[in-house]
Amino acid sequence: MTHDTETFAQFADRHIGLDDITTARVTEQIGFSDLDSFTDAVVPTRIRGDEGLDLPPAASEAEALAELRTIAGRNTVNTSFIGQGYYGTYTPAVIRRNVFENPAWYTAYTPYQPEISQGRLEALLNFQTAVADLSGLDIANASMLDEATAAAEAMTLLRRANRKAPADSVFVVDSDIFASTLAVIRTRAEALGIGLAVEDLSAGTIAHENYFGVLLQYPAASGTVTDPTPVIESAHEHGAGVAVAADLLALTLLTSPGEMGADVCIGNSQRFGVPMGYGGPHAGYMAVREGLQRSLPGRLVGVSEDNVGRPAYRLALQTREQHIRREKATSNICTAQVLLAVMAGLYAAYHGPAGLRRIAGLVHARAVRLAAGIAELGLTVTTPRFFDTIQLSAPGKATELADAAHDAGCLVFRADDDTVRVSTDETTSGADIDRLLGAFATVTKGKAHAADAGNDLEPDFDFGGLSRTSEYLSHPVFHVHRSETQMLRYLRTLADKDYALDRGMIPLGSCTMKLNAAAEMEPVSWPEFANLHPLAPAADTAGMVALIEQLEGWLAEITGYDTVTVQPNAGSQGELAGLLAIRAYHESRGDTDRTVCLIPASAHGTNAASAVMAGLKVSVVATDEFGNVDMDDLKSKIDEHHDRLAAIMITYPSTHGVFEETISDICDQVHGAGGQVYLDGANLNALMGLAKPGRFGGDVSHLNLHKTFCIPHGGGGPGVGPIGVREHLAPFLPGAGTVGPVSGARYGSASILPISWAYIRMMGPDGLKRSSQSAIAAANYVAGRLGSHYPLLYTGSDGHVAHECILDLRQITKETGITVDDVAKRLIDYGFHAPTMSFPVAGTLMVEPTESEDLGELDRFVDAMISIRAEISDVAKGAWRADDNPLTNAPHTAEAAIGQWTHPYERTLGVFPAGVNPSTKYWAPVGRIDGAYGDRNLVCSCPPVEDLAEV
Numbered sequence: 001m002t003h004d005t006e007t008f009a010q011f012a013d014r015h016i017g018l019d020d021i022t023t024a025r026v027t028e029q030i031g032f033s034d035l036d037s038f039t040d041a042v043v044p045t046r047i048r049g050d051e052g053l054d055l056p057p058a059a060s061e062a063e064a065l066a067e068l069r070t071i072a073g074r075n076t077v078n079t080s081f082i083g084q085g086y087y088g089t090y091t092p093a094v095i096r097r098n099v100f101e102n103p104a105w106y107t108a109y110t111p112y113q114p115e116i117s118q119g120r121l122e123a124l125l126n127f128q129t130a131v132a133d134l135s136g137l138d139i140a141n142a143s144m145l146d147e148a149t150a151a152a153e154a155m156t157l158l159r160r161a162n163r164k165a166p167a168d169s170v171f172v173v174d175s176d177i178f179a180s181t182l183a184v185i186r187t188r189a190e191a192l193g194i195g196l197a198v199e200d201l202s203a204g205t206i207a208h209e210n211y212f213g214v215l216l217q218y219p220a221a222s223g224t225v226t227d228p229t230p231v232i233e234s235a236h237e238h239g240a241g242v243a244v245a246a247d248l249l250a251l252t253l254l255t256s257p258g259e260m261g262a263d264v265c266i267g268n269s270q271r272f273g274v275p276m277g278y279g280g281p282h283a284g285y286m287a288v289r290e291g292l293q294r295s296l297p298g299r300l301v302g303v304s305e306d307n308v309g310r311p312a313y314r315l316a317l318q319t320r321e322q323h324i325r326r327e328k329a330t331s332n333i334c335t336a337q338v339l340l341a342v343m344a345g346l347y348a349a350y351h352g353p354a355g356l357r358r359i360a361g362l363v364h365a366r367a368v369r370l371a372a373g374i375a376e377l378g379l380t381v382t383t384p385r386f387f388d389t390i391q392l393s394a395p396g397k398a399t400e401l402a403d404a405a406h407d408a409g410c411l412v413f414r415a416d417d418d419t420v421r422v423s424t425d426e427t428t429s430g431a432d433i434d435r436l437l438g439a440f441a442t443v444t445k446g447k448a449h450a451a452d453a454g455n456d457l458e459p460d461f462d463f464g465g466l467s468r469t470s471e472y473l474s475h476p477v478f479h480v481h482r483s484e485t486q487m488l489r490y491l492r493t494l495a496d497k498d499y500a501l502d503r504g505m506i507p508l509g510s511c512t513m514k515l516n517a518a519a520e521m522e523p524v525s526w527p528e529f530a531n532l533h534p535l536a537p538a539a540d541t542a543g544m545v546a547l548i549e550q551l552e553g554w555l556a557e558i559t560g561y562d563t564v565t566v567q568p569n570a571g572s573q574g575e576l577a578g579l580l581a582i583r584a585y586h587e588s589r590g591d592t593d594r595t596v597c598l599i600p601a602s603a604h605g606t607n608a609a610s611a612v613m614a615g616l617k618v619s620v621v622a623t624d625e626f627g628n629v630d631m632d633d634l635k636s637k638i639d640e641h642h643d644r645l646a647a648i649m650i651t652y653p654s655t656h657g658v659f660e661e662t663i664s665d666i667c668d669q670v671h672g673a674g675g676q677v678y679l680d681g682a683n684l685n686a687l688m689g690l691a692k693p694g695r696f697g698g699d700v701s702h703l704n705l706h707k708t709f710c711i712p713h714g715g716g717g718p719g720v721g722p723i724g725v726r727e728h729l730a731p732f733l734p735g736a737g738t739v740g741p742v743s744g745a746r747y748g749s750a751s752i753l754p755i756s757w758a759y760i761r762m763m764g765p766d767g768l769k770r771s772s773q774s775a776i777a778a779a780n781y782v783a784g785r786l787g788s789h790y791p792l793l794y795t796g797s798d799g800h801v802a803h804e805c806i807l808d809l810r811q812i813t814k815e816t817g818i819t820v821d822d823v824a825k826r827l828i829d830y831g832f833h834a835p836t837m838s839f840p841v842a843g844t845l846m847v848e849p850t851e852s853e854d855l856g857e858l859d860r861f862v863d864a865m866i867s868i869r870a871e872i873s874d875v876a877k878g879a880w881r882a883d884d885n886p887l888t889n890a891p892h893t894a895e896a897a898i899g900q901w902t903h904p905y906e907r908t909l910g911v912f913p914a915g916v917n918p919s920t921k922y923w924a925p926v927g928r929i930d931g932a933y934g935d936r937n938l939v940c941s942c943p944p945v946e947d948l949a950e951v
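Residue numbering for the sequence shown follows full-length UniProt numbering, beginning at 1 and increasing consecutively.
Structural data, given as structure tokens:
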């Protein structure tokens with residue numbers, strides 16, 4: 001007889017690393033009898049909520065997955081001909097299984113520690129190279145959140161680059177652009193006071209006379225392929241810049257925007273092997289000409305070298321990061337779409353230039369056949385030249401055609417009552433075309449002829465002189481992985497270079513690197529979720545919408561807010577959406593002068609950047625010696641800006657890792673002055689089941705589903721940043737009417753929401769509460785054990801911390817010369833990812849153990865940190881030179897271990913420090929990387945190889 005192990009262990013017991021025995025040991029170590037008495041002492045009484053969480057009781061993994069199967073069964077995956085930026089694609093099985101479904105890739109963190117991120121950095125460099133080559137521009141970044149937000153970022157980039165343009169100059173947008181892109185551009189432009197002019201640019205002329213930049217779609221939303229060169233040349237003569245939104249697959253056949261003089265190229269890489277997923281997540285992209293690279297938003301992977309001169313990858317130009325530039329940042333983007341960019345880059349590597357061109361040729365060939373069939377039915381095709389999208393005129397019959405197509409299991413795009421658009425993609429078959437033409441025939445009463453069975457027949461490309469003749473993807477990586485065996489081994493090689501949660505603890509403060517359970521991840525690959533088009537009819541998406549609405553309701557209950565929307569597809573977008581809601585609320589009441597946002601000095605850097613993007617002015621509030629908001633300075637700032645105060649933006653628990661006991665007073669004072677309270681929910685994992693931000697003073701919060709609610713970081717994305725609001729702000733949520741959308745799809749990164757749904761469903765109310773309690777207890781355990789070795793920068797008045805603690809190394813550095821960088825790199829030798837370095841205070845390490853780590857792993861980390869402290873003491877005593885010791889030389893590679901040894905410490909101490917098991921040791925593939933060298937010698941794509949004969 002077999003037993004389902006789920007009957008013996010609740011999911012929460014699998015998720016939380018501390019069991020009953022080790023929890024008792026931890027609470028005893030920190031001076032309490034149990035978790036409840038500990039929580040009562042640490043979490044301020046004034047914010048506590050004792051009503052509990054009104055959520056379904058915990059389900060087992062089997063039960064939750066069965067419920068999700070039922071929900072998924074309410075979706076209908078019809079054949080999509082909708083297009084409009086989202087297309088069917090085949091994810092190569094070798095990439096799906098070994099990347100998309102592989103924890104070595106999806107549990108990795110942002111590659112801020114490059115020595116242990118060489119695999120994903122190389123994969124991102126492949127992505128950048130593919131984008132730069134196909135767009136014909138010099139430099140591409142490591143991905144954007146989606147196409148629509150990339151277009152908005154292009155607008156602001158061109159505004160910054162055109163310093164000579166008059167202050168009242170506008171941004172000209174071609175009218176034949178995706179509606180979702182235009183909507184997001186409008187949202188951003190309105191907040192920043194940028195004027196928009198939407199024009200028909202198909203004739204190659206620009207009517208507006210005062211503009212700083214132009215955005216074109218290529219091919220256009222209608223499918224039309226026109227030469228953008230006249231518009232580009234006209235704009236340049238005017239002194240304006242030009243951005244082109246381009247389809248990467250089409251660029252294998254069409255002349256690239258860069259060759260035609262474009263300054264910026266943006267778009268989406270979704271059709272490079274990433275499922276539609278009801279709108280996301282997908283890796284948007286941006287490429288720019290030489291001279292604009294230092295204005296690029298997001299992340300940029302570059303090539304540097306390590307301490308022995310080996311080429312090594314790293315994030316370049318990191319001074320552009322928001323944590324450093326804050327209100328001076330040019331973008332609020334903190335995450336990218338790394339996992340999806342990796343997949344798209346690998347799709348390009350697997351197929352190579354010839355394979356991509358063949359796929360594009362097939363897509364175009366099927367569109368040509370479809371156009372011919374449509375014409376035979378007596379319908380008028382209004383796109384004389386196209387790649388994959390055909391627009392047809394059907395006066396008064398567009399709805400009838402769309403309904404007939406739906407009845408036949410096909411989806412088309414009804415542009416208006418008289419116009420229908422149909423798009424082909426990689427998955428379109430001859431049978432699909434026959435079915436669609438047959439459906440149209442029922443309306444036109446004509447006879448549909450079967451599509452040409454020769455699907456492999458490549459048509460004679462007629463793009464009116466725009467056929468591409470230039471080469472692309474000439475680097476060997478796009479030529480040597482043709483077989484699945486080669487690709488499989490390449491993926492394994494890349495993964496082996498990296499450190500992710502599948503190897504060990506990632507104790508990053510404020511980033512919550514916790515378990516992403518396999519049961520949570522499994523539904524993401526289900527076709528009922530993955531293969532939905534975001535513009536599919538409501539009848540086809542009933543299950544997905546029901547899941548989203550249920551998740552939004554659960555999140556509202558956990559946070560105490562009245563309404564939640566999951567549209568923002570990153571925490572940064574959630575910040576922006578929340579602040580836009582506050583701004584719109586004030587304007588609706590006639591308080592147009594309320595434009596000042598108070599932000600504590602301890603806040604996340606994206607807070608200040610988001611405030612500026614929302615059209616607000618930042619005023620910084622000081623923090624006191626204990627890391628709390630300085631109440632005297634707060635009062636002074638409120639008095640100074642009283643009638644202009646829009647909001648305060650404060651993280652709770654604070655970024656300094658403490659529960660500020662004055663939080664209720666802060667909220668009361670801001671409300672008393674007529675302002676709103678934005679409670680940044682980045683650290684909500686310390687509050688679940690214990691306190692609700694919407695109940696103790698918050699008007700709006702964004703939540704990081706990729707932190708608290710188990711969506712994995714994916715090497716730096718995807719993320720989801722929904723916002724919760726109180727009732728008075730609900731009319732101002734993105735897309736609700738007053739404020740426009742902040743992401744391209746209505747529900748943002750919808751396809752990964754089943755992860756958070758499953759987490760909440762399986763944890764249940766009691767599990768969520770215990771999760772927060774365990775996270776706080778683990779942080780205090782680590783702080784207690786390390787406090788006698790490293791000074792703790794901040795604690796609460798009772799001497800405790802919240803979910804994270806900050807170790808202060810500034811005096812140690814002053815006395816010994818050993819820096820936080822040295823400790824971070826030495827931790828690699830011990831088999832750990834470093835804690836967060838120099839944030840929120842320079843010269844410190846912020847540690848967050850999370851609830852998922854067991855006591856053995858916590859002790860292993862603490863023991864490593866204690867051992868490192870002893871090594872620092874040896875440097876201080878003069879046992880080793882300040883510039884030649886195990887810390888400054890870390891990490892030690894395998895090559896260094898077997899090579900000539902000239903250091904004053906033992907070889908075994910360098911490569912196998914105390915407690916490290918040689919049989920399971922992680923070896924960094926490169927030594928310490930020279931960041932300054934990489935910034936001085938910026939190389940951000942794979943160098944082309946002219947002669948590939950030997951490859």
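Built from N, CA and C at the ideal position, the CB exists for glycine as well.
Could you pull out every residue in the same chain whose Cβ sits closer than 7 angstroms to the Cβ of residue i, ignoring the five residues on either side in sequence?
i, result
"Thr-888", "Asp-822"
Would a C-beta distance cut-off of 8 angstroms place residue i and residue j closer than the cut-off?
i, j, result
"Ala-519", "Leu-65", "yes"
"Asp-263", "Gly-279", "no"
"Phe-659", "Pro-44", "yes"
"Asn-307", "Gly-799", "no"
"Leu-121", "Tyr-313", "yes"
"Leu-473", "Asp-133", "yes"
"Leu-249", "Val-363", "yes"
"Ala-72", "Gly-748", "no"
"Thr-399", "Gly-719", "no"
"Leu-379", "Pro-111", "no"
When you compare each of the options to residue i by their alpha carbons, which one comes out closest?
i, options, result
"Ser-393", "Thr-187, Ala-646, Thr-444 and Gly-261", "Thr-444"
"Asp-643", "Met-631, His-671, Pro-653 and Ala-745", "His-671"
"Leu-377", "Ala-336, Leu-437, Ala-402 and Val-26", "Leu-437"
"Leu-786", "Pro-754, Phe-861 and Pro-741", "Phe-861"
"Phe-732", "Val-875, Ala-691 and Val-564", "Val-564"
"Ile-752", "Asp-19, Leu-551, His-903 and Gln-293", "Leu-551"
"Asp-668", "Ile-47, Ser-572, Cys-265 and His-15", "Ile-47"
Less than 7 angstroms separating the Cβ of residue i from some heavy atom of the ligand FAD?
i, result
"Met-544", "This structure lacks the ligand FAD; in fact it carries no ligand of any kind."
For residue i and residue j, what's the separation of their Cα atoms in angstroms?
i, j, result
"Thr-91", "Tyr-347", "8 angstroms"
"Ala-453", "Ala-367", "With a pLDDT of 44 at Ala-453, under the threshold of 50, the modelled position of that residue is not reliable, and the figure given next carries that caveat. Straight-line Cα distance between these residues: approximately 14 angstroms."
"Tyr-790", "Val-820", "12 angstroms"
"Ala-581", "Ala-783", "38 angstroms"
"Val-184", "Asp-174", "14 angstroms"
"Ala-758", "Leu-55", "13 angstroms"
"Asn-607", "Thr-382", "47 angstroms"
"Glu-28", "Ser-37", "11 angstroms"
"Ser-530", "Glu-101", "A small correction: the amino acid at residue 530 is Ala; Ser does not occupy that position in the sequence shown. Their backbone Cα atoms lie some 13 angstroms apart in a straight line."
"Tyr-106", "His-713", "6 angstroms"
So residue i and residue j are supposed to be a Cβ contact under 8 angstroms. How far apart are they, rounded?
i, j, result
"His-238", "Ala-349", "Incorrect: roughly 40 angstroms between the Cβ atoms, too far for contact."
"Tyr-285", "Val-99", "Not a contact, Cβ separation roughly 18 angstroms."
Take residue i and list the residues in its own chain whose beta-carbon comes closer than 8 angstroms to its own, dropping the five residues that flank it on each side.
i, result
"Arg-357", "Thr-252 and Leu-253"
"residue 957", "The first residue shown for the chain is 1 and the last is 951, placing residue 957 beyond what the model contains."
Among the residues of its own chain, which have a CB less than 6 angstroms from the CB of residue i, if the five just before and after it don't count?
i, result
"Asp-680", "Thr-651"
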